[in-house]
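Contents: one structure, followed by commentary.
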Amino acid sequence: MTDTIDTSSTLADRAAIADTLHRYTAGLDLDDAELLASSLTADAVVDLGPAMRRIGYDFPPLTPRETVVEALIGAVGPLDTSHAISNIRYDIAGDTATVHAYAQANHFKPGTGSDPAVTRHALMMNRYTATMVRDGEQWRIRHLDIANAWFEGDPLMLLGQ
1 MTDTIDTSST
11 LADRAAIADT
21 LHRYTAGLDL
31 DDAELLASSL
41 TADAVVDLGP
51 AMRRIGYDFP
61 PLTPRETVVE
71 ALIGAVGPLD
81 TSHAISNIRY
91 DIAGDTATVH
101 AYAQANHFKP
111 GTGSDPAVTR
121 HALMMNRYTA
131 TMVRDGEQWR
141 IRHLDIANAW
151 FEGDPLMLLG
161 Q
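Heads up: the sequence shown begins at 1 in full-length UniProt numbering, then just goes up one per residue.
See the structure below:
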């Protein structure tokens, strides 16, 4: 009976952890600061530096949650974006988890993403490495490192240019 309980608990944790990644990316895609904030601890650190340096920009780690939300919603929120999370791997130890995933994100200028004539975009495949902690029934990101696997398009799109 213990194995069944452990398995159910592990599956529930995995679903809740995946939901955390989906809240993070949906917050960006939907320009929803509250949804994005729900995925982060108060002392969260989001380090986009490895991804941004790969395409020629220096970007410092963002912390705490309010700074992360303000910076990311300000930069990505207005764009027409879509993020897709895949290949989630989990290492859960009690109330802490290390999570690895891929995030593919396409970015278009505001209002142009559904126009088939528009070809200017920024498409990224990033590797997420997150440390998450259990917060009641939810998991939240305490630290997120984002490294770029590949990039296609115009990097200036990410700077709102």
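For each residue, glycine too, the CB sits at the ideal point set by N, CA and C. Remember, predicted model here, so these are calculated numbers, not experimental data.
| Check | Outcome |
| --- | --- |
| Under a three-way DSSP split, which group does Ala-18 fall into? | helix |
| Tell me the residue span of the beta strand (DSSP E) that contains Arg-120. | Unbroken run through Arg-120: none, as it is neither H nor E. |
| Suppose contacts are defined by Cβ-Cβ distances below 8 Å. Is Asp-80 in contact with Gly-111 by that definition? | yes |
| From the DSSP output, which residues share a beta bridge with Phe-108? | Asp-80 |
| For Asp-3, count the other beta carbons within 10 Å of its own beta carbon; 16 or more makes it buried, fewer makes it exposed. Which is it? | Its pLDDT being 45, under 50, Asp-3 is placed unreliably by the model, and the measurement read from it follows with that caveat. Result: exposed. |
| For Ala-42 and Leu-72, what's the separation of their Cα atoms in angstroms? | 15 Å |
| Judging by CA-CA distance, which residue of Thr-10, Asp-31, Ala-33, Ser-39 is the nearest neighbour of Asp-135? | Ser-39 |
| Would you mind sorting Gly-53 into buried or exposed? The rule is 16 or more other CB atoms within 10 Å of its CB. | Looking at the sequence shown, residue 53 is not Gly but Arg. Exposed is the call here. |
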